[in-house]
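Residues in the sequence shown are numbered consecutively from 1, following full-length UniProt numbering. Cβ coordinates follow ideal geometry from the N, Cα and C atoms, glycine included.
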Amino acid sequence: MTANTLSPRDRLAELVAVRDVGDVLTRYCRALDRADLAMMETVYWPDGEDIHGIYSGRASEFVPFIISEITKYFTMGTHCLLNVDIEIDGDHAASESYLYSACRVRNGMAEEMLGSSYFGQLAGSGLDAGHEMFVMAGRYLDRFEKRDGEWRIMRRMVVSDWNASHPSNQILEQGMHQTLRPIGEWGKGDPVYANSRYIEGAHG
1 MTANTLSPRD
11 RLAELVAVRD
21 VGDVLTRYCR
31 ALDRADLAMM
41 ETVYWPDGED
51 IHGIYSGRAS
61 EFVPFIISEI
71 TKYFTMGTHC
81 LLNVDIEIDG
91 DHAASESYLY
101 SACRVRNGMA
111 EEMLGSSYFG
121 QLAGSGLDAG
131 HEMFVMAGRY
141 LDRFEKRDGE
151 WRIMRRMVVS
161 DWNASHPSNQ
171 ILEQGMHQTL
181 RPIGEWGKGD
191 PVYANSRYIE
201 GAHG
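Below, the structure written as structure tokens:
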């Protein structure tokens, strides 16, 4: 049944479902970029599956794995969703979300993360290896289930479309950059948590 043939009530229910599924998609990005294990646990059904390239298996095991990996290899990262297409069918949904991520590789982790050929490509370029940027574009292909009124991911496959790596020249203490505060961080010290507590306090 297409959107044009749905009754107003069913159309409204579909729009609410699309919004709820979209919230799960963006929650994943926040959980990853803040290294928030508890938040990430609300994204997947424990008996779900994640096929991520670096991991393939149960979602319940992927959740702690990915939080550990993101903080092991990177000092900070940003994951963004671009085009998002969501299809709803009752208590099931499927989505394709275009992904763009940029992560700053920890000093000393570049060869393990990017491979030895990366340094060969740098030779003669005049650029020095140290902190590196890893940029990736791809897509999340997700299947969702709604249980007891809650949507979560049941199966995720990550498709890699392209990537790029280059030395990072992040500047924090000079010029206009020294005025760009606060700086984001892993964990509950990030300003977003205080922002959320403000809303909770206003309506508590």
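Inter-residue Cα distance where the pair is residue i and residue j
i, j, result
"Ile-51", "Phe-62", "9 angstroms"
"Ser-7", "Arg-19", "18 angstroms"
"Glu-14", "Ile-88", "7 angstroms"
"Lys-188", "Phe-65", "19 angstroms"
"Gly-184", "Thr-5", "46 angstroms"
"Arg-155", "Met-40", "14 angstroms"
"Pro-182", "Gly-77", "16 angstroms"
"Thr-179", "Gln-170", "14 angstroms"
"Ile-54", "Leu-12", "39 angstroms"
"Ala-194", "Val-159", "34 angstroms"
"Leu-99", "Gly-175", "32 angstroms"
"His-203", "Arg-9", "Residue confidence for His-203 is low, a pLDDT of 49 falling below 50, so the modelled location carries little weight; the figure read from the coordinates is stated next. So the two alpha carbons sit approximately 29 angstroms from each other."
Extent of the continuous beta strand (DSSP E) to which residue i belongs
i, result
"Thr-78", "74 to 89"
"Glu-96", "92 to 105"
"Leu-141", "132 to 147"
"Pro-167", "150 to 167"
Under 8 angstroms between C-beta atoms of residue i and residue j
i, j, result
"Ser-101", "His-131", "no"
"Leu-37", "Ile-70", "no"
"Glu-173", "Trp-45", "no"
"Met-136", "Arg-104", "no"
"Trp-186", "Arg-34", "yes"
"Thr-75", "Arg-27", "no"
"Ala-93", "Trp-151", "yes"
Residues sharing a beta bridge with residue i, DSSP
i, result
"Ile-51", "Ser-56, Met-157"
"Tyr-44", "Ile-153"
Limits of the alpha helix (DSSP H) - the one that residue i falls within
i, result
"Val-24", "8 to 33"
"Leu-37", "37 to 40"
"Glu-111", "110 to 114"
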